[in-house]
Ligand SMILES: Nc1ncnc2c1ncn2[C@@H]1O[C@H](COP(=O)(O)OP(=O)(O)OP(=O)(O)O)[C@@H](O)[C@H]1O
Ligand SMILES: [Mg+2]
């Protein structure tokens, strides 16, 4: 069986020569379909760097990344773009919604890139937003929504093309505890319904609820533990 995600000896550094600054050091990591993984570690330890490599928005300096058994380094730009669009949904700390677009249009965006026709994508966007409890906020712009509502729009957008993997980088970092726990409940229920969820968090309580916890320190995985079955 091949893993959904396999990192083999991944290193990432910034800068060249004397100025080279190693960030990730010999990261070895396998993630199976359907896992719920929390990534914890101090600020600056390399969590976002790792997430960006997993999400194929950045590339490792050395080592191998196999996605569904295929080496990512061998994929063309076109293939990478397609995987980012269809296979991976991103949720960020700062929501990253487009301010000029309303909630419905923000959720439609990945479906435009995926070539889904307008009537179908509007219907799906509205359904996803309803699932997120935002049926009555479809034509609100991000600035007209609370932080928790914006993050739920961002989750709906991440789900637009029904990707098997959700990558969430501090999705509760800008939310109060009620809105944050709503977001975590949504991510947990997505995982229950089969999505692979990889979640960066500073919150010990949230991390302790994950079935698998990976701790990063100074660019290295120093702990990888599982609870339950
Ligand atoms: N583009 C870049 N150029 C140079 N250094 C960078 C770049 N991006 C990140 N770094 C450095 O890499 C290190 C890891 O950054 P990263 O964003 O991965 O940390 P993090 O674990 O996500 O931290 P936080 O919890 O604060 O979000 C930091 O020391 C940062 O300064
Ligand atoms: Mg970060």
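Numbering (the working numbering), first residue to last: 6 to 234. Ideal Cβ placement from N, Cα and C applies to all residues, glycine included. Bear in mind the structure is a predicted one, so any value in this text is a computation, not a measurement.
| query | result |
| --- | --- |
| For the alpha helix (DSSP H) holding residue 58, just list the boundary residues, first then last. | 52–59 |
| Bridge partners for residue 126 per DSSP, in chain order? | None; residue 126 has no bridge partner. |
| What is the DSSP secondary structure of residue 226, counted as helix, strand or coil? | strand |
| Could you pull out every residue in the same chain whose Cβ sits closer than 7 Å to the Cβ of residue 15, ignoring the five residues on either side in sequence? | 29, 32, 58, 65, 68, 70 |
| Does DSSP put residue 24 in a helix, in a strand, or in coil? | helix |
| Consult DSSP for residue 83 and reduce its assignment to one of helix, strand or coil. | helix |
| Look up residue 7 in the DSSP assignment and give the residues it is bridged to. | Note: residue 7 sits in no beta bridge, so no partner. |
| Give me the Cα-Cα distance between residue 144 and residue 205, rounded to the nearest whole angstrom. | 30 Å |
| Out of curiosity, what's the CA-to-CA distance linking residue 86 and residue 172? | 16 Å |
| Between which two residues does the alpha helix (DSSP H) containing residue 180 stretch? | Segment: none, residue 180 is in no alpha helix (DSSP H) and carries neither H nor E. |
| Around ligand 2, which residues pass a check of Cβ closer than 7 Å to any of its heavy atoms? | 52, 53, 174, 175, 205 |
| So residue 188 packs on residue 156, CB below 8 Å; how close in whole Å? | 5 Å |
| Considering only DSSP beta bridges, list what residue 208 is partnered with. | According to DSSP, residue 208 bridges with nothing at all. |
| Are the Cβ atoms of residue 36 and residue 42 separated by less than 8 Å? | yes |
| From residue 23 to residue 54, what distance separates their C-alpha atoms? | 21 Å |
| Measuring CA to CA, which of 107, 225, 229 is closest to residue 51? | 225 |
| If you measure between the beta carbons of residue 201 and residue 9, is that distance less than 8 Å? | yes |
| Relative to the alpha-carbon of residue 181, which residue among 197, 98, 158 has its alpha-carbon at the smallest distance? | 98 |
| Note down, in chain order, each residue of its chain lying with its Cβ closer than 8 Å to the Cβ of residue 208, except the 5 sequence neighbours on either side. | 177, 185 |
| So, is residue 117 buried or exposed, given that buried needs 16 or more other C-beta atoms within 10 angstroms? | exposed |
| Using the three-state DSSP reduction, which class does residue 94 fall into: helix, strand or coil? | strand |
| List the residues that DSSP assigns as beta-bridge partners of residue 43. | 204, 218 |
| Measuring alpha carbon to alpha carbon, tell me which residue in 11, 27, 141 is nearest residue 222. | 27 |
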